[in-house]
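Novice: Per the working numbering, numbering of the sequence shown is gapless, rising by one per residue and ending at 1160. Beta carbons are placed, not taken as given, at the ideal position from N, Cα and C, and that holds for glycine.
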Amino acid sequence: QPTLPPPPSPPTTAAATPVTEPPTPGTVSVPIGGAVAGDRVLLIGDGTLLSAAPPNDRRMCDSLTLFGWDAEIDAVDIDDLTFVDEVLDARLAPDDDLDWDVVALFIGNQLPPDELAVDELGDVLADTIERVAPRPVMLYTLSETDRSREQLNEVIRAQPDEHPNVLVIDWAELGGAAAEVMDDDGYSL
């Protein structure tokens, strides 16, 4: 089991406060915590994110908690991106007057390797980003196992050009090459 880095010093601000004003317009940059007033992050993903979600040892939530985030992961093991709208329909509205401060998407890992998938991912990303704006949106790139994944990543990497509230996280740069971080199926961490 991997060892997590030590958590940062405890925050000096109050935890989980409602977001009453949108983030300042402009390009989002690392660290994302500096662009938001609170600590609530909604992560939406496919089977790859699901492999690190609560049903699978809670690794992702536990890691985020160490760094002061109040995280919810909604992930499913399917190759159909309609689940993103279903999650937003069910979860985007605030609970107990606490809004989501950041929305993160790790989707596209299970799409078939064809041009329709590239178009579908682009449409879903654009619609989702518009829907959750002005919140910052973090998009994770995919492990590049073939040319189709490179094309999907091109779509992901292009989003900040049209949407200043988007920050792209290069999955391979942070997580390692696909062979180092993915199971034999190529979809699970």
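1. Among the residues of its own chain, which have a CB less than 7 Å from the CB of residue 1102, if the five just before and after it don't count?
2. Indicate the three-state DSSP secondary structure (helix, strand or coil) for residue 1101 in the structure shown.
3. If you compare alpha carbons, which of 1110, 1109, 1106, 1125 is closest to residue 1088?
4. By how many angstroms is the C-alpha of residue 1019 removed from the C-alpha of residue 1115?
5. Within this structure, are the beta carbons of residue 1012 and residue 1046 separated by less than 8 Å?
6. Using 8 Å as the cut-off, can you tell me whether the stretch 1091-1100 makes contact with the stretch 1060-1071, which would need three or more C-beta pairs spanning the two stretches below that distance?
7. Would residue 1107 be called buried (16 or more neighbouring beta carbons within 10 Å of its own) or exposed?
8. Between which two residues does the alpha helix (DSSP H) carrying residue 1006 extend?
9. Residue 1079 and residue 1063: beta carbons closer than 8 Å?
10. Looking at the strands, I want to know which residues DSSP matches up with residue 1043.
11. Does DSSP put residue 1035 in a helix, a strand or coil?
12. Residues in its own chain within less than 6 Å of residue 1054 by CB, not counting five upstream and five downstream?
13. Indicate the three-state DSSP secondary structure (helix, strand or coil) for residue 1051 in the structure shown.
14. Taking the C-alpha atoms as reference points, what is the distance between residue 1142 and residue 1085?
15. What whole-angstrom Cβ distance do residue 1113 and residue 1140 have, given they're in contact under 8 Å?
16. Are there 16 or more other CB atoms within 10 angstroms of the CB of residue 1118, so buried, or fewer, so exposed?
17. Alpha carbons only, please: which of 1105, 1022, 1037 is nearest the one belonging to residue 1077?
18. Take residue 1016 as the anchor and find which of 1073, 1052, 1133, 1122 has the nearest alpha-carbon.
19. In three-state terms, what does DSSP make of residue 1088?
Specialist: To lay it out plainly:
1. Taking the sequence shown and counting its residues from 1, one reaches residue 1102 at position 131. Answer for residue 1102: 1059, listed in chain order.
2. Within the sequence shown, residue 1101 is the residue found at index 130, counting from 1. Here residue 1101 sits in helix by DSSP.
3. Within the sequence shown, residue 1088 is the residue found at index 117, counting from 1. Nearest C-alpha to residue 1088: 1125.
4. Within the sequence shown, numbered from 1, the residue matching residue 1115 stands at position 144. Within the sequence shown, numbered from 1, the residue matching residue 1019 stands at position 48. When rounded, the distance between both Cα atoms is 13 Å.
5. In the sequence shown, counting from the first residue as 1, residue 1012 sits at position 41. In the sequence shown, counting from the first residue as 1, residue 1046 sits at position 75. Cβ atoms of residue 1012 and residue 1046: not closer than 8 Å.
6. no
7. Within the sequence shown, numbered from 1, the residue matching residue 1107 stands at position 136. The residue in question, residue 1107, is buried, as its Cβ has 16 or more Cβ neighbours within 10 Å.
8. Here the question's residue 1006 lines up with position 35 in the sequence shown. Where residue 1006 is concerned, there is no enclosing alpha helix (DSSP H), given that its DSSP letter is neither H nor E.
9. In the sequence shown, residue 1079 corresponds to position 108, counting from 1. In the sequence shown, residue 1063 corresponds to position 92, counting from 1. No, the Cβ-Cβ distance between residue 1079 and residue 1063 is not below 8 Å.
10. Residue mapping note: residue 1043 aligns to position 72 of the sequence shown, counting from 1. Answer is 1013.
11. Translated into the one-based positions of the sequence shown, residue 1035 becomes position 64. DSSP places residue 1035 in helix when its eight states are reduced to three.
12. The sequence position of residue 1054 within the sequence shown is 83, counting from 1. Closer than 6 Å at Cβ, skipping near neighbours: 1047.
13. Counting from 1 along the sequence shown, the entry for residue 1051 is found at position 80. Correct three-state label for residue 1051: coil.
14. Residue 1142 sits at position 171 when you count from the first residue of the sequence shown. Residue 1085 sits at position 114 when you count from the first residue of the sequence shown. Cα-Cα distance, rounded: 21 Å.
15. Counting from one through the sequence shown, the residue named residue 1113 turns up at place 142. Counting from one through the sequence shown, the residue named residue 1140 turns up at place 169. About 11 Å; that fails the 8 Å criterion.
16. What you label residue 1118 is simply residue 147 of the sequence shown in a count that begins at 1. Per the 10 Å Cβ criterion, exposed.
17. Position 106 of the sequence shown holds residue 1077. Residue 1022 is the option with its Cα nearest to residue 1077.
18. Taking the first residue of the sequence shown as position 1, residue 1016 is located at position 45. When only C-alpha atoms are compared, the closest one is 1052.
19. Walking along the sequence shown from the start, residue 1088 turns up at place 117. It is helical.
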